[in-house]
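Chains as they are written, first to last, in this note's numbering: chain A, 1213 to 1799; chain B, 19 to 413; chain C, 4 to 237; chain D, 302 to 555. Note that CB positions come from ideal geometry on N, CA and C, so glycine has one too. Here's the structure, in structure tokens; my notes come after.
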Amino acid sequence: MSSTDHAHHEGESYFDGPPGVLSKVWQWMSTVDHKKIGVMYLVAVLFMFFLGGVSALAVRYELLDPVRTVETMNEAGEMIQYTTGERLAGLTNIMGAKNANEVYNRIFTLHGAIMVFMFIIPSIPASLGNFFLPIMLGAKDVAFPRLNLLSWYIYVIGCLFGVFSILLGGVDTGWTFYTPYSTTTDADHWRVVLMILAAFILGFSSILTGMNFVVTVHKLRAPGMGWFDMPLFIWGVYATAIIQVLATPVVGITLLLLVFERVMHIGIFDPSMGGDPVLYQHFFWFYSHPVVYVMILPGMGIVSELLAVHSRKHIFGYRAIAFSSLGIAAVSFLVWGHHIFTAMGELAAVLFSGLTFLVAIPTAIKVFNWIATLYKGSIAINTPMLYGLIFLFTFSIGGLTGLPLATLATDLHLHDTYYVVAHFHYTMMGGTVMAFMGGLHHWWPKMFGKMYSEKGAMTGTVLVFIGFNLTFFTQFFLGTQGMPRRYANYVDEFQTLHMISTYGSWILLLGFLVHLGTFIVSLIAGDKAPPNPWGGLTLEWETESPPIEHNFHHEPIVTHGPYDFDKVVPPHWDPKDYPLPENPSSH
Amino acid sequence: MNTPTLASANMPFFQKMIFGDHGASEAAAWSDGLFMMITWFSAFFFVLLMGLMVAFVIIYRRRPGVPAKPSPSHNLNIEILWTVIPSASMLVMFVLGVRGYAMKMVAPDAAMELKVDAWKWAWKVTYPNGASSPETNFLSFESNMAQLEAGSTDPWMETKGLEYPVFYVPEDTAVSLRMNSQDVIHSFWIPEFRTKMDVIPNRYTGYAFHTPKLRDSDSVLDTSSMMQIPGRDMWIFCAEYCGDEHSRMAATLRVVPQETYDAKIKEWGQDKDPVVLGESLYKTMCKICHSVDGTPGTGPTWSSGNGFGFGYEAALANGQSVMRDDNYYRESILDPNAKVVSGFVPSMPAFQGQLSEDEIHGLIMYIQSLSDRNPNASESGEDNQQADDSAGSEG
Amino acid sequence: MQTTLDADTTPAPAHIANHPTHWRNRPFAAHFRTRDDDFDASKFGMWLFLTTEVLLFAGIFCAYAVFRMMYPEAWSNGSHHLDWRFGAGNTVVLLVSSWTAASAVRCAQLNKQKWLKINLIITLICAALFLFIKFKFEYSVKLGDGKAPGTFFSYAFAESPYEILWWSLYYMGTGLHALHVVIGGCLLGWVLYRSWKYQAYGPTEYLMVENSALYWHIVDLIWIFLFPLLYLIH
Amino acid sequence: MTNHDTTTHEEHAHGHRVVSWQTQLAVLAILLFFTFTTVLFYNAESWVENAFDIHLPWWINVIGAMSIATVKALLVCMFFMGLRYDKALNTFALLFCLFCVGLFLGITMIDLETRDRIYTWKEGEVALGGTGKGLDTPSVDARFDSSPAPTFNTAGLGIVEFRRAQGLEEAGSELAFWTDHYHHHAEHQHAADINNFFTQLGYDHHLALPDANQAVPRIGLTAGLFSAVDPTETHNTHAADDAAHQPAAEDAGH
């Protein structure tokens, strides 16, 4: 790529700020630097992941055993009644709930709302995307830096609305806010409205980020970088951004109508006034189905990077992967109806079933390409690569278990069961979160200039992998055997599987704690990271670790593709680490 | 205990692990077959891909000083191949899926139509002759293990809130459901028939199933006669999130021989003592929210004490108070939001058009029978007067 | 030809001409390579934002279409409560304002500072007129009759039980549109203020005028569809 | 300065086309003309139905109004918004967005339209609000009153029916209720007729045809839904209707 001469003047890294805590804080809060905003997003998003994770653990804890209310005779011959298994009952008064079931309902709603709206949608695009999209394009910043900061603030305000709603006791609507339940529940309180407004506001943040990225990709590519010289991460984020721009406004109007429905009963979604509750589901899923691709597409982009860089191999079928990203983005607008199979007309159900299968094709192509990329590579087993491989494993399961959900006959059985829960978590957690963790480890040295302990990170990774599969693989069986989702209580015969699932969630927690520890140790005592620890060829590896204020000392000029490992020696090449190809000119 | 079981023998190992039991109808078995087909297809590709991945990782692991060999970065033929194969297989799945969907959705002409009503949080099935099942089952989420833990030897240890209505259907009959909800969206799921459909407030939805022939081993306990009868129990669950007691919105579907079914339906159609009728309605429809022993629930308890119960003044949420008399209960059944008792959220659906006059009368009689101010009670007026005084001083 | 003739040849006072906000003194954003890149990027960004506006209103249009299909009689009854004359009048007002907004862009491109301001003022007057007609002759009269959305509804003579949905959608659609009129007015007002105070817009620096005008046009576009849907189709 | 100004502009005009004022004015004129056309079409249609007692199918009305609106929108996009002279990318963004709007509207309506394809009973309303009629506006205490909207108990009725019942109660009798209505609300109720160009020219031909398929509805189209009174069948109210109609038309006329 560009020639980065080492004789340049010493640049300051982006987080070298003015002395003094206050001025440093002010510098961060008022920054328009995409890197700082990316880090700010990362912190906020990880905090939300923590909140969502705590509620997930609470959900699993409640489900450790079924609720048993037993009335029986004690030794003294008196009738006594006792209840076991209501493990969250202690929170009833704290949350102002009516009973332990409502506590559970509120907590799973919080888990869903926080994880979807506040963690997973902004997770990769807004943190890693914000940080690396301009650098990988060779730009100084995103197209609209001030808008970028604004969207962070909007995100924080949205989160504050959500957290405020939680502090008021939380909502029990489910994250999907299905009417008429969501318009009638907790009629005594504003907190449902607050949570809906939180999602509404977060939508604005999402739209602005998406707009910013689309324009950046179109207008700010470095000289020499054509569309097909872009790293695949950029393609993923670009496809994501398109969906964010086009789908989010529809949920905006939906949530707005829902707020008005709640406060003044305008009746659009209210069957008692002639409205149609299934219309709400159409409105909601027109956004919320494309949004699952907002969640997964950047993850797919990251995995493309991880597999190529860590196996030092040109990605197999670059164009196929790039176009399948766009293909998934386009098809994502056609398939929302499969969330409503059990409520819609037969003709529309058949139509949507057929369209839903379309999504599987580009996804399958991607997986095949990733596996083929490994062929004849030089595969390093380190944490980012391991996460890449875990992604392939879990995401394949997630994708393949989607097939019976797209098939109408089997979906009628599996709809709204734990099978769906498991499928969703295998794609979202096994897909996006694994890719996010992989990307975080991959780019951690670049972002913070510190190496992390490989041993610690590997331990965490293995724990996360085991914990994740224990937690969620069992749920496939729960679903097929008859366990509906969103149940605070269940039939005894499901207890074994639920117990395994709950124990798995504890291992998962342990894994993430190990990761957290590794990162903290790395920030405090990590070795200084070289500019290019993995031998990557994309532009972010050509600048310092951490990058300087405007990313590059000179505007980079792109002369080769992002994955030409067999043609080009990576910048900052260390021969010990990276042997030359046998025949660099063979291609 | 005759908790419906989802397990049975004589199944292929994986299918048993996945579903626990055979689908109870032909359509269900067919969709199980389709599911297994898709699962084996998925498993094949999953194992293939993961095998390749692991093999590549091992074979091409990084060795110090050994660089990667150049290899092609794309191959059009292979890419076309792995686009066409999934596309073709998905077409097959789609077509088979639609066929199975039709089997589950379209009822034969001669199907028996059952009307299903749903509300927070109970099911009601109305039979063609207008009767509905008053029977409940000691179905519980509580197991023998829990009984043992409690040290009970009493097989009829009653557990709170764990009675569910039993809906009878004849064996080997096509049944079609016409469903409607009274409040929020519910979903009527019978796992053994492998199908569910949302129950929506403003329109009818429905599906069909063909009940299985009973096997020789199928035997259930008839709680009305306390006798083992031939029959097979299946769970009915609510699958669409509907609020606090969502996870307890269950019922039993009991497949019985035609003659048992006929006898039951005939019996339910006959007149009954109002209090007995009221009690059975209570158990099938009201118990999830209203207790009869004074324990707090979603709605006010019906037993007297602490200011509740028939004949006692109710403090309303709007600050007024009203005497709980026949008219009060009648209005509260038909239009629950008219008078909401202080401390409760207005969340009860209206039962206007849902209950016959006899049924409303039966419910009110039953409620009266629970009160120590029961006007129909045989005790002398003095006792009632005393009870009034004590209740008044407590309140 | 006319461009040079009409151009504002009067030199601006020194304190304006030397002000950093004056259009001649405005640099383009540093992370772009050229001023054109900056301009194109911003305009493309604006267009993306406009697509989100269209999709926002798509929800209203979809609900309209669905309920029109479900309750045709309620919809035809509802539309006959609206007087096409106010709708048509407002359409004319918005079309004229759209024209002046487009002219304002042209004036900025040609450095006709005076006409830029005049066009913007006419646009703003039209915005105010639109809102005045909307609130004075439509909303207040209808609300007075009790034809209000949701539980505010108190009109005793509705012909169909679903007319309440018509009114809800009428208020949601036109209300959301009126909100956009206000936002667009604020944007154009900001442009007018900066134009008045600093001559901030000229041939090389008219992006803000252009984008505000684009926003204003999308407000007009939505009204072009709302008008027949609410007032004419029955 | 002038020199500098001109050069800047010419350079600039090179990249960004300046639309001439003549074009802009012409576009405005065409837009206003189409606005007039669509209004004329609407009035002519109403008049034709009234005068000749023809039921025009509903789509004439829809197609007429929407196609004119589409042409107007196209003109605004091309000339006022400058898409004709702009980068194709912006047009593409708009078109792709409209494609999504089309999908959204189209497929949603496919579902809601075809619920009855296998069983007709799946289509309709069971009852307003389902069998429960659970309109949640109960009269409860302030703790439960989270909405600024009025809360009241509709006694199981929908709001529209409830308000009608209230109105009837206030008026005292059905006749008083309807007389009041035609005296005070005629101008709204008969907007289609009163505001018709042709009607004002003297072609008044009021029909009362309860037919849901006609393009122009009449009072009482869905009167059967209310038990109170059916004005299309009640002679009295017809008289009141006609009596109230004439002065109202004159009021609106001047």
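- DSSP places B:His228 in the uninterrupted beta strand (DSSP E) bounded by 226-228.
- Using a CB distance cut-off of 9 Å, B:Gly118 does not count as an interface residue toward chain D.
- For B:Tyr186, there are no neighbours in chain D by C-beta distance under 9 Å, as the nearest C-beta there is about 23 Å away.
- Assigned with DSSP and collapsed to three states, A:Tyr1253 falls in helix.
- Under DSSP, C:Glu208 shares a beta bridge with C:Gly205.
- Below the 7 Å Cβ cutoff, chain C contributes Thr154, Phe156, Ile167 as neighbours of D:Ile460, in chain order.
- Bridge pairing for B:Phe326: B:Gly323 [DSSP].
- DSSP, reduced to helix, strand and coil, places C:Glu162 outside both helices and strands of the structure shown, so it counts as coil.
- By the neighbour-count definition (other C-beta atoms within 10 Å, threshold 16), B:Gln200 is a buried residue.
- In its chain, beyond the 5 residues on either side, Asp1384 have a beta carbon closer than 6 Å to the beta carbon of A:Asn1317.
- Interface with chain C (9 Å Cβ-Cβ cutoff): D:Glu475 is excluded.
- The alpha helix (DSSP H) runs of length 4 or more contained entirely in the segment 51-116 of chain C are, from start to end of the chain, 75-82, 87-112.
- Boundaries of the alpha helix (DSSP H) around A:Tyr1715: 1707-1737.
- Short of 6 Å from the beta carbon of B:Ala335, and not among the five residues preceding or following it, lie these beta carbons of its own chain, in chain order: Val358, Ser360.
- Using a 10 angstroms sphere on the CB of C:Ala161, the tally of other CB atoms reaches 16 or more, which defines it as buried.
- Residues of the segment 366-381 of chain D with a Cβ closer than 7 Å to any Cβ of chain A: none.
- Excluding residues up to 5 positions away in sequence, Phe42, Ser45 lie with their Cβ nearer than 6 Å to the Cβ of C:Leu210 in the same chain.
- For D:Cys378, no beta strand (DSSP E) encloses it, and the DSSP letter there is neither H nor E.
- Across the structure, A:Met1260 and C:Glu208 are spaced so that their CA atoms are roughly 42 Å apart.
- Nearest CB-CB separation between A:Leu1620 and chain B: below the 9 Å threshold.
- Per DSSP, B:Arg272 is one residue of the beta strand (DSSP E) stretching across 268-274.
- In the pairwise beta carbon analysis, the segment 1481-1490 of chain A is classified as not touching the segment 1423-1432 of chain A: fewer than three pairs are separated by under 8 Å.
- Under the 10 Å beta carbon count, B:His308 is surrounded by 16 or more other beta carbons and is classified as buried.
- The Cβ atoms of D:Val377 and C:Ser101 sit closer than 9 Å to each other.
- Chain D places a beta carbon closer than 9 Å to that of C:His220, counting this residue as a contact.
- Within the segment 1446-1462 of chain A, the residues whose Cβ lies closer than 7 Å to any Cβ of chain D are, in chain order, Leu1458, Val1462.
- A Cβ-Cβ distance of about 13 Å is found for the pair A:Thr1613 and A:His1627, leaving them out of contact under the 8 Å criterion.
- Taking every protein chain shown into account, the CB of D:Arg318 has fewer than 16 other CB atoms within 10 angstroms, so this residue is exposed.
- For B:Val65, not one C-beta of chain D is nearer than 9 Å to its own C-beta.
- Taking the Cα of B:Glu297 as reference, the smallest distance to any Cα among B:Asp216, B:Met267, B:Ala356, B:Ser151 is reached at B:Ser151.
- Contact with chain D is absent for A:Ala1351, since none of that chain's Cβ atoms lies less than 9 Å from the residue's Cβ.
- At least one beta carbon of chain D lies nearer than 9 Å to the beta carbon of C:Ala105.
- Here A:Lys1431 carries a helix assignment [DSSP, helix/strand/coil].
- DSSP places A:Phe1777 outside any alpha helix (DSSP H), giving it a letter other than H or E.
- For the 9 Å CB-CB criterion, A:Gly1651 and A:Glu1517 form a contact.
- The segment 1350-1357 of chain A and the segment 1433-1452 of chain A touch, with three or more beta-carbon pairs separated by less than 8 Å.
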